[in-house]
Structure formats: structure tokens, C-alpha cells
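Participant: Quick note on our numbering: the sequence shown kicks off at 56 and runs consecutively.
All C-beta atoms in this analysis are idealised placements derived from N, C-alpha and C, irrespective of residue type, glycine included.
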Amino acid sequence: MTDLLALLWAPFLMCLVLTGIHAYLGLHVLAREVVFVDIALAQIAALGATAAFLTGFDLDSPLSYVFALGATILGALVLALTRSRERHVSQEAIIGVVYAVSAAASVLLVANAPHGAEYLRAMLVGNILTVSGRDVLAVAVLYAGVGLLHWRCRKPFFLISNDPERAWREGWRVRPWDFLFYASFGVVVTSSVRIAGVLLVFSYLIVPALAAITVARTTRDRLLIAWAFGAAVSVLGVGASAALDLPTGAAVVCAFGASLLAAGGVRALVRRRAPVG
């Protein structure tokens, strides 16, 4: 039991770090109605890392991270430039195209590479069990820096997320602010995908925020609920992974799905039993 706890403490702490930043960003994503932006940027990061892999760099090397981050920043620029006041085309549709092309390009790049299938699987589900205490500290410092940036820029970020028409009307430079938002978002996603994989990163971004907005109205309450939900599911997922000898990332993703379904069922039951009037 002691050996098991020694193995899992760093992955669990990393899950808490992921919860802290992704639950907050998820509130923005849901308000902007661009649910798949995270998975699109994650796939762009994976494409950049794949290019580095084929060039001869290991997945965990600094240059692989530079490739992934550079690709993600370009993706952030595309998302910022495609934002317009008059929505002739849904930005979600553009995000879907970006994701599909990035995923297809990654498959093409590794089609003839040795162990290409294993590489794609690693990018999809990650390997959070291998993180160390040093990894947790480095990522926590990086995400704290991103969090500080968002705190300093909270007024334009929340205004553009919640009421973009008002932001345009008041003369805010929406596209530059959008680029800053998506670029900082991309830094987070690029770092998270290397650790946890595309699926787990998407789950941490969307599920806690989705659970929170169904029961709370203010940003503060939603953030607190999202953090609590993400932390509780992390305990459940990591614990199930250890007890049943399952892949940790996949176990946490499934725990998120089951927990969201259970929370929705409980909420529906409570509303059904509540007195009318």
C-alpha cells in the first residue's frame, strides 16, 4: 500500500494542477460556445510534436515542446483572425475543420514511421503516471504565470467571452485580445497534452465547467464548484486506476463521464421532487 501511494502522489497532484487552470479556462470556452477549441489546439500541438518526432527529437525533449508550442501559437492566430463581429460562419465550424485537418496531417506524418501507431496513442491518452514531483512543480509555476496573466486581463477576457457584442460596441480591440487569450490557452494545452494526452485535457477543460454552470450563476461560485468537482473526480479516477490496475488517463476520463452523468441524474431528481410554486 505504501509503495502504491508513493507511485500515485505525483500523478494525483498533477491532476489537481490540471483542474486548477483547465476548470477556469473551461468557463471561458463554454461562454464563447467554442467547446472543441481545446481539443483542436491540443491536436495542433500534437501535430507540432509529431513533426519534431519525425525530425528525430524525443516526445519529452525541449525542442519537441518548441515545435508543439509554435504550431499552437499559429493555431491561436487563426482562431483570433477568424473571429468577426458578424458571424457569417460559426467559429465552431472553423475549429472543427482545424481539428480534422490537424488530426489527418498527424496520421499522414506517422503513416510510414516505425512505432507510429504507438506514438499517436501516446498523444491521445498520455501517460500521467510517469510524472515526477519536479514535473508537477514546473507545470504549477507555468500555469500560475498564465493564471496571473488572466487575472490582470480579466476584464477584457470575461467581457469578450460573455458579451462580445458589448466588447465590440465599447471599442475593445477584440482580435488582439482574442489572440492573447488563445495564445495563453495554447501554452496551457501544449504543456498539458505532453503530460496527460488529448482526451484527458479535454475532459478537465469541459466537464468541471459544465457541471458548475448547471448549478451556479456567478463566476465565483462556478469556479469553486468546478475546482471541487475536478478534484473529487481526480481522486475517484486515480483511485480506480490503482485499485483495478487500469490506465490512469483513461480511468480519469471515464470517471469524469460517469460523475457528470450521476450529477445530472441527481439534479433532475431533486428538481422533480421540488415543490411547484
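1. Between the alpha carbons of residue 300 and residue 293, how many angstroms are there, rounded?
2. How about residue 65 and residue 191: do their beta carbons lie closer than 8 Å?
3. Are the Cβ atoms of residue 76 and residue 241 separated by less than 8 Å?
4. Residues in the same chain with beta-carbon distance under 7 Å from residue 73, minus the five sequence neighbours each way, listed in chain order, please.
5. My output table needs one value for residue 137: the three-state DSSP class, helix, strand or coil.
6. At what residues does the alpha helix (DSSP H) containing residue 275 begin and finish?
7. What is the DSSP secondary structure of residue 225, counted as helix, strand or coil?
8. Establish whether the CB of residue 186 and some CB of chain C are separated by less than 8 Å.
9. For the stretch 98–115 against the stretch 312–320, do three or more pairs of beta-carbon atoms, one drawn from each stretch, fall closer than 8 Å, so that the two count as touching?
10. From 254, 216, 227, pick the residue whose C-alpha is nearest to that of residue 95; which is it?
11. Consult DSSP for residue 302 and reduce its assignment to one of helix, strand or coil.
12. Relative to the alpha-carbon of residue 153, which residue among 105, 224, 98 has its alpha-carbon at the smallest distance?
13. Please state the DSSP three-state secondary structure of residue 88.
14. Using C-beta distances below 8 Å, list every residue in its chain close to residue 212, excluding the 5 sequence neighbours before and after it, in chain order.
15. Give the single residue among 102, 188, 270 whose Cα lies nearest to the Cα of residue 163.
16. Quick one: grab the DSSP three-state call for residue 190.
17. Round the Cβ separation of residue 314 and residue 71 to the nearest angstrom and send it over; I've been treating them as touching at under 8 Å.
18. Is any heavy atom in the ligand MN found nearer than 7 Å to the beta carbon of residue 209?
19. Span of the alpha helix (DSSP H) holding residue 159?
20. Return the residue from the list 78, 68, 215 that minimises the CA-CA distance to residue 36.
21. When we look at the beta-carbon of residue 277 and count the other beta-carbons within 10 Å, is it buried (16 or more) or exposed?
22. Note down the Cα distance separating residue 147 from residue 134, rounded to an integer number of angstroms.
Facilitator: In this structure, then:
1. 10 Å
2. yes
3. no
4. 247, 251, 259
5. coil
6. 274–299
7. coil
8. Here chain C cannot be found, since the structure has a single protein chain.
9. no
10. 254
11. coil
12. 98
13. coil
14. 83, 205, 232, 236
15. 102
16. helix
17. Rounded, the Cβ-Cβ distance is 16 Å, inconsistent with contact.
18. Among the ligands in the structure shown, none appear at all, so the ligand MN cannot be discussed.
19. 146–165
20. Residue coverage of the chain in this structure runs from 56 to 332, which leaves residue 36 outside it and unanswerable.
21. buried
22. 10 Å
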